[in-house]
Amino acid sequence: DAGVIQSPRHEVTEMGQEVTLRCKPISGHNSLFWYRQTMMRGLELLIYFNNNVPIDDSGMPEDRFSAKMPNASFSTLKIQPSEPRDSAVYFCASSWGDGTYSGANVLTFGAGSRLTVL
Amino acid sequence: DAKTTQPTSMDCAEGRAANLPCNHSTISGNEYVYWYRQIHSQGPQYIIHGLKNNETNEMASLIITEDRKSSTLILPHATLRDTAVYYCIAARMNSGYSTLTFGKGTMLLVSP
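For the protein sequence lines, the chains are X and P, in the order given.
The numbering of the first sequence is our numbering, which starts it at 1 and goes up by one.
The numbering of the second sequence is our numbering, which starts it at 1 and goes up by one.
Okay, here's the thing in structure tokens:
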């Protein structure tokens with residue numbers, strides 16, 4: 001099992017550019033999460049998908065952020081236009097379950113994508 | 001959302017047991033307690049979770065008090081590789097589904 005695969009691992013871009021982060025969840029997992037981590041705010045949940053459907057996007061900062069899950073094996077997080085305050089490590093995680101059970105939050109995290117916006 | 005309180009940092013000698021406390025006095029009856037850890041520059045890693053009973057796996061043991069207001073994660077024989085930030089989380093239920101909200105955690109430093 002290759003685990004949760006994220007790309008790119010590192011991205012440096014200039015303010016105003018579009019950024020696309022990619023995630024391949026563990027095969028068979030039906031829940032997918034995008035988290036963002038900064039020194040100031042810690043780990044924040046951005047969006048949660050179940051069976052490819054967005055369930056909770058209340059953590060998405062603003063309209064510049066969008067996430068999609070076109071199929072069970074792929075998700076993207078897009079920032080357009082990017083700003084320096086978007087600099088962070090973005091983690092994707094996956095799990096098995098429908099989210100209705102508090103005991104099913106065994107998440108496997110990817111290695112993260114470190115984004116730097118200049 | 002049940003808030004958890006953890007010490008900011010702890011030290012442990014290599015080979016000794018590390019006992020990490022967590023207070024969750026407002027936890028609801030159906031909210032599981034989870035422990036994750038994050039080693040520097042890596043993604044968080046699941047350790048263990050429980051509801052009422054004590055739990056043990058190959059990584060750690062979880063002791064939950066009878067009133068469920070606090071818990072302790074035990075690493076029986078800490079190694080240098082166990083140096084990490086340890087997060088205690090009460091998995092909230094929100095509008096019929098459950099997600100994890102990470103706090104600041106406890107920075108555990110294991111020394112030789």
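Backbone N, C-alpha and C fix where the C-beta goes; we use that ideal spot for every residue, glycine too.
Judged by beta-carbon spacing, residue 86 of chain P lies beyond the 8 Å limit of residue 102 of chain P, meaning their Cβ atoms are not closer than that value.
Nearest neighbour of residue 47 of chain P by Cα position, chosen from P:21, P:76, P:11, P:57, turns out to be P:57. For residue 56 of chain X, the C-beta contacts it makes with chain P under 9 Å involve 94, 95, 97, 99, in order along the chain. Counting along the chain, the unbroken beta strand (DSSP E) around residue 47 of chain P starts and ends at 45–50. Cβ atoms of residue 116 of chain X and residue 12 of chain X come within 8 Å of each other, at about 5 Å. Shown here, residue 104 of chain X sits in a helix according to DSSP, grouped into three states. Inclusion of residue 95 of chain P and residue 74 of chain P in the CB contact set at 8 Å is not warranted, their separation being larger than that value. Closer than 8 Å to the CB of residue 6 of chain P there is not a single CB belonging to chain X. Of P:90, P:80, P:83, the smallest CA-CA separation from residue 71 of chain P is found for P:90. The residue among X:113, X:77, X:94, X:86 with its C-alpha nearest the C-alpha of residue 104 of chain X is X:94.
Between the alpha carbons of residue 21 of chain P and residue 6 of chain P lies a gap of roughly 6 Å. The beta-bridge partner set that DSSP reports for residue 75 of chain P consists of P:18. Closest in alpha carbon position to residue 82 of chain X, among X:2, X:65, X:29, X:57, is X:65. Within the stretch 43–77 of chain P, those residues whose Cβ lies closer than 8 Å to any Cβ of chain X are, in chain order, 43, 44, 45, 46, 49, 51. Between residue 35 of chain X and residue 21 of chain X, the C-beta gap is not smaller than 8 Å, which leaves the two residues out of contact.
Interface criterion not met: the Cβ of residue 7 of chain X is under 8 Å from no Cβ in chain P. Along the stretch 96–110 of chain X, the positions whose C-beta sits under 9 Å from a C-beta of chain P are 97, 98, 99, 100, 101, 102, 103, 104, 105, 106, 107, 108, 109, 110, read in chain order. The CB of residue 104 of chain P comes closer than 9 Å to the CB of 42 in chain X, given here in chain order. Here the stretch 22–42 of chain X makes contact with the stretch 67–75 of chain X; the two share three or more CB pairs at distances below 8 Å.
The straight-line gap separating the alpha-carbon atoms of residue 65 of chain P and residue 52 of chain P is approximately 8 Å.
Taking the Cα positions, residue 76 of chain X is about 15 Å away from residue 55 of chain X. Residue burial annotation: residue 37 of chain P is buried, with at least 16 other C-beta atoms found within 10 angstroms of its C-beta.
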